[in-house]
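All you need for this note's numbering is the position in the sequence shown, starting with 1, plus 306.
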Amino acid sequence: MTTTNPRSTMSREHGSRSLVAFFSLSFLIGWGALALLLVFADQLEPHFGPPSGGHPIFVLAVYSPAIAALVLVARRGGLAALGGYLRRLTLWRMPAAWWLFLLLGIPALKYLSAAFNGTAGEFPFSPWYGVLAALLPVLLLGPVEEIGWRGYALPLLQRRFTPLVASLILGALWGLWHLPAFLLGGTVQSQWSFGAFLIGALALSVLMTPMFNAARGSILIPALFHFQLNGPAWPDGQPWENYVFAAAAVVMVLWKRDAFLSRDGAVTDLMAPAR
307 MTTTNPRSTM
317 SREHGSRSLV
327 AFFSLSFLIG
337 WGALALLLVF
347 ADQLEPHFGP
357 PSGGHPIFVL
367 AVYSPAIAAL
377 VLVARRGGLA
387 ALGGYLRRLT
397 LWRMPAAWWL
407 FLLLGIPALK
417 YLSAAFNGTA
427 GEFPFSPWYG
437 VLAALLPVLL
447 LGPVEEIGWR
457 GYALPLLQRR
467 FTPLVASLIL
477 GALWGLWHLP
487 AFLLGGTVQS
497 QWSFGAFLIG
507 ALALSVLMTP
517 MFNAARGSIL
527 IPALFHFQLN
537 GPAWPDGQPW
547 ENYVFAAAAV
557 VMVLWKRDAF
567 LSRDGAVTDL
577 MAPAR
């Protein structure tokens with residue numbers, strides 16, 4: 307009796323075509339859902355309320371990269387592969403310097419951005435403990451994207467490109483995927499500049515990659531990074547934060563240029579490392 311090794315199956319079957327399938331599904335579901343909100347807003351509003359970040363169809367759009375990744379993994383490798391893939395959500399070990407950047411560096415950059423914006427002294431909740439109720443929705447939205455973006459697309463991109471090039475390709479597509487949200491009233495993106503946002507998406511993609519590789523392909527670390535970016539307690543730094551994070555990304559590439567320009571140490575496996 308022969309058995310199929312999920313790890314070898316995932317390595318063999320998930321290649322360039324899988325990347326095309328992933329991005330196609332992510333855009334099809336994400337843009338399709340937001341198109342429904344744009345075209346049929348009047349018909350949908352009596353049932354689901356006005357367009358907003360918490361609208362169920364908007365949430366479906368946000369989840370589209372995760373849905374695409376999970377569908378492709380399950381289709382090619384079955385439940386065993388899906389379990390190995392999702393086990394990457396439990397990977398948390400990485401050097402302490404990266405944890406300091408995640409926990410303290412991102413808030414510092416957010417406050418620096420707000421200082422340029424003249425809003426560093428603002429706190430968006432009164433009383434202060436109102437922020438606690440806002441944490442769960444933030445945790446359950448943006449971070450879920452990383453099951454697809456960094457969980458699926460980045461390892462496959464790093465099979466063909468250096469971490470820097472893979473980061474820029476992913477950042478460009480990640481930023482473009484958000485475009486319909488800028489056309490939809492009731493979302494925070496509708497108040498932002500898409501050009502500045504795209505610069506930020508490229509920068510953030512670059513910043514996440516060395517942490518992802520240092521944590522052996524953890525999906526948890528990019529999800530926490532995403533959560534920090536959307537943290538409800540931070541003051542508004544738009545559009546400055548896009549430029550501040552871009553400067554940070556340039557510094558990061560110069561500091562870690564060997565890691566960015568070499569594929570040695572780049573995570574390319576979709577399965578969690580063997581225990």
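Yeah, the Cβ is synthetic: ideal placement off N, Cα and C, and Gly gets one too.
State yes or no: is the C-beta of S568 within less than 8 Å of the C-beta of S511?
-> The answer is no: Cβ separation not under 8 Å.
Segment contact, 8 Å Cβ cut-off, at least three pairs: the stretch 501-517 with the stretch 476-486 | Between the stretch 501-517 and the stretch 476-486, the count of Cβ pairs shorter than 8 Å is three or higher; the stretches touch.
Can the beta-carbon of L340 be found closer than 8 Å to that of A459?
-> For L340 and A459, no; Cβs fall outside 8 Å.
Please go through the same chain and pick out, in chain order, the residues whose beta-carbon is closer than 7 Å to the beta-carbon of Q464, but skip the five residues on each side of it.
-> Hits under 7 Å: A472, R569, A572, V573, T574.
Given that a residue counts as buried once 16 or more other Cβ atoms are within 10 Å of its Cβ, and exposed if not, what is P528?
-> Only buried fits P528, as 16 or more other CB atoms lie within 10 angstroms of its CB.
From which residue to which residue does the alpha helix (DSSP H) around W498 run?
-> Judged by DSSP secondary structure, W498 falls outside any alpha helix (DSSP H); it is assigned neither H nor E.
Taking just the CA atoms, how far does Y417 sit from L408?
-> Whole-angstrom Cα-Cα distance: 14 Å.
How many angstroms separate the CA atom of L470 from the CA atom of E351?
-> L470 and E351 have their C-alpha atoms roughly 43 Å apart.
Length of the line joining the Cα atoms of I453 and A375 = If you draw a straight line from the Cα of I453 to the Cα of A375, it is about 7 Å long.
Would you mind stating whether P449 and F533 have Cβ atoms separated by less than 8 Å?
-> Yes, the pair counts as a contact, with Cβ atoms nearer than the cut-off.
Are the beta-carbon atoms belonging to A372 and E428 less than 8 Å from one another?
-> It is not a contact, given that the beta carbons lie outside the stated cut-off.
Quick one: what does DSSP say S524 is sitting in, helix, strand or coil?
-> In this structure, S524 counts as coil in the three-state DSSP scheme.
Selected residue, minimal CA-CA separation from S496, among P357, S330, D348, L342 = When only C-alpha atoms are compared, the closest one is P357.
Just the Cα atoms here: how many angstroms apart are W455 and V326?
-> Distance between the alpha carbons of W455 and V326: 13 Å.
Should P541 and V437 be called a contact, given that it needs their Cβ atoms to be closer than 8 Å?
-> Against a cut-off of 8 Å, the Cβ pair of V437 and P541 comes out as no contact.
Please classify F551: is it buried, with 16 or more other beta-carbons within 10 angstroms of its beta-carbon, or exposed?
-> The residue in question, F551, is buried, as its Cβ has 16 or more Cβ neighbours within 10 Å.
From the DSSP output, in three-state form, read off R393 for me.
-> Residue state for R393 is assigned as helix, using DSSP reduced to three classes.
Which runs of the beta strand (DSSP E) spanning at least 3 residues fall entirely within the stretch 331-356, listed in chain order?
-> Taking only runs of at least 3 residues, no beta strand (DSSP E) segment lies wholly in the stretch 331-356.
Determine the DSSP secondary structure at L470, reduced to helix, strand or coil.
-> DSSP places L470 within a helical segment (H, G or I) once states are collapsed to three.
Using beta-carbon positions only, say whether G543 and S432 come within less than 8 Å of one another.
-> No.
Quick one: using the 10 Å Cβ neighbour count with 16 as the cut-off for buried, is V368 buried or exposed?
-> Its Cβ being crowded by 16 or more others within 10 Å, V368 is buried.
D348 versus F354 - alpha carbon distance = In this structure, the CA atom of D348 is about 10 Å from the CA atom of F354.
Can you give the Cα-Cα distance for T308 and A386, rounded to whole angstroms?
-> Residue confidence is low: T308 scores 41 on pLDDT, short of 50, so the model does not pin down where it sits. No coordinate-derived value is stated.
If you count every other CB in all the chains shown that lies within 10 Å of the CB of P401, and 16 or more means buried, which is it?
-> Exposed is the label assigned to P401, since fewer than 16 other Cβ atoms lie within 10 Å of its Cβ.
Quick one: using the 10 Å Cβ neighbour count with 16 as the cut-off for buried, is L530 buried or exposed?
-> Classified as buried, L530 has 16 or more neighbouring CB atoms from the shown chains inside 10 Å of its CB.
Run through DSSP, which three-state label would A439 get?
-> A439 falls in the helix class under three-state DSSP.
Cβ separation of L406 and A521, assumed to be a contact under 8 Å, to the nearest whole Å | Rounded, the Cβ-Cβ distance is 14 Å, inconsistent with contact.
Quick one: is R399 buried, meaning 16 or more other Cβ sit within 10 Å of its Cβ, or exposed?
-> R399 should be labelled exposed.
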